[in-house]
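**Q**
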Amino acid sequence: MYELKVLYLYPDILELYGDFGNIQVLKYRLEQRGFKAIIDKYSIGDNPPDFKSYDLVFAGGGADQEQSILSKDLIKYKDNIKEAVESGVFFLLICGAYQLFGKYYKGVEGNVIPGLSIFDYYTEAINDRKKRCIGNTVIEAEFNGIKTEIIGFENHGGQTFDVSTPFGKVLYGHGNKFGDNQEGFFLSNVIATYLHGPLLSKNPLLCDYIIKHCLDRKYNDNVILQPLDDNFENSVRKQLLNRFLNSDNNKK
Ligand code: GLN
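Structure below.
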């Protein structure tokens, strides 16, 4: 039986925006196909994880203060994480976690939180608490040669600069910073994005891309994912895309 080993980072700290839902959707879409989901959790004080022994590493979003607390712990694993990224382990990073894999995150109070510097981008919040990128967001992303809309919700003060390979083009909402037409950061085994939602609940195709990518790598196989009944998800997507992209108040 195919199984996926997932490391869920700081579930007790990076849990302000309900990103835990991504773990639930991953688990559901694996088990619906008769596959096994092994979900290990790691937070401050736990035994150090070996990132390379996992198929997928996930971390969600959080407030500046929480990011500052955990960054001192996360940075201890910089080399192990870098090796894991380079060996093809999949990383799904949402918002606050996305920011911490870059050079640094300068919070709204002007405090600089050192990042892992595994990727070259950096993030700086505008020193005005009212100036945050908040709202529904739609981007056009491409993976496995498929172009599709990715729907989510963003809530970040951080403005991210110098993204070499974005996850998608903004069709509605803000993206990496105010007025940007790019959102997130993408490599074949890294999706770092501002999109909460939870992300995977609104984007079943994306969830299946991640599952297949991880299983193909782990089993050195071309794993066939039996289609699931996504009628409900797709009807919700149709409604949302119509609301955000076709309405006359379509603001990018
Ligand atoms: N605290 C960070 C910011 O405000 C990240 C927010 C988040 O994870 N949604 O930009």
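Read in order, the letters of the sequence shown correspond to residues 1 to 252 in the numbering used here.
Quick reminder that beta carbons are idealized off the backbone N, C-alpha and C, glycines included.
Could you check if A125 belongs to the surroundings of the ligand GLN, using beta carbon to heavy atom distance under 7 Å?
**A** Yes, Cβ of A125 sits closer than 7 Å to a heavy atom of the ligand GLN.
**Q** Identify the continuous beta strand (DSSP E) that holds L4 and give its terminal residues.
**A** First-last of the beta strand (DSSP E) with L4: E3 to L9.
**Q** Look up N246 in the DSSP assignment and say whether it is helix, strand or coil.
**A** Helix at N246.
**Q** Would DSSP call D216 helix, strand or coil?
**A** The answer is helix: DSSP assigns D216 an H, G or I state.
**Q** Does the beta-carbon distance from H196 to G152 come in below 8 Å?
**A** Yes, these two residues count as a Cβ contact at 8 Å.
**Q** Near P198, which residues of its chain fall below 7 Å by C-beta distance, leaving aside the five closest residues on each side in sequence?
**A** Around P198: G18, D19, G21, N22 and V25.
**Q** Where do the ends of the beta strand (DSSP E) carrying D40 lie?
**A** Run containing D40: K36 to Y42, per the beta strand (DSSP E) assignment.
**Q** State the start and end residues of the unbroken beta strand (DSSP E) segment that holds L92.
**A** Here the beta strand (DSSP E) through L92 covers F90 to I94.
**Q** Considering only the alpha carbon of each residue, which of E3, L225 and P204 lies closest to F232?
**A** When each option's Cα is compared against that of F232, the closest is P204.
**Q** Quick check on K106: buried or exposed, where buried means 16 or more other Cβ atoms within 10 Å of its Cβ?
**A** K106 comes out buried.
**Q** Taking the alpha carbon of Y122 as the point to measure from, which residue in E140, V108, T160 and V89 has its own alpha carbon closest?
**A** Of the candidates E140, V108, T160 and V89, the one whose C-alpha sits nearest the C-alpha of Y122 is T160.
**Q** Give me the residue from D230, S71 and F35 with the minimum Cα distance to K202.
**A** The shortest C-alpha separation from K202 is found at D230.
**Q** Within the stretch 12-69, note down every full beta strand (DSSP E) run reaching 3 residues or more, in order along the chain.
**A** Here the runs fully enclosed are 36-42 and 56-59.
**Q** Taking the CB atoms as reference points, tell me whether I210 and L56 lie closer together than 8 Å.
**A** Yes. Within cutoff.
**Q** Y54 and V85 look like a contact to me (Cβ under 8 Å); what is the Cβ gap, rounded to whole Å?
**A** About 12 Å; that fails the 8 Å criterion.
**Q** Which of the three DSSP states is assigned to L199 in this structure?
**A** DSSP places L199 in helix when its eight states are reduced to three.
**Q** Flag V112 as yes if its beta-carbon sits less than 8 Å from any beta-carbon of chain E, otherwise no.
**A** Chain labels in this structure do not include chain E; a single protein chain is all it has.
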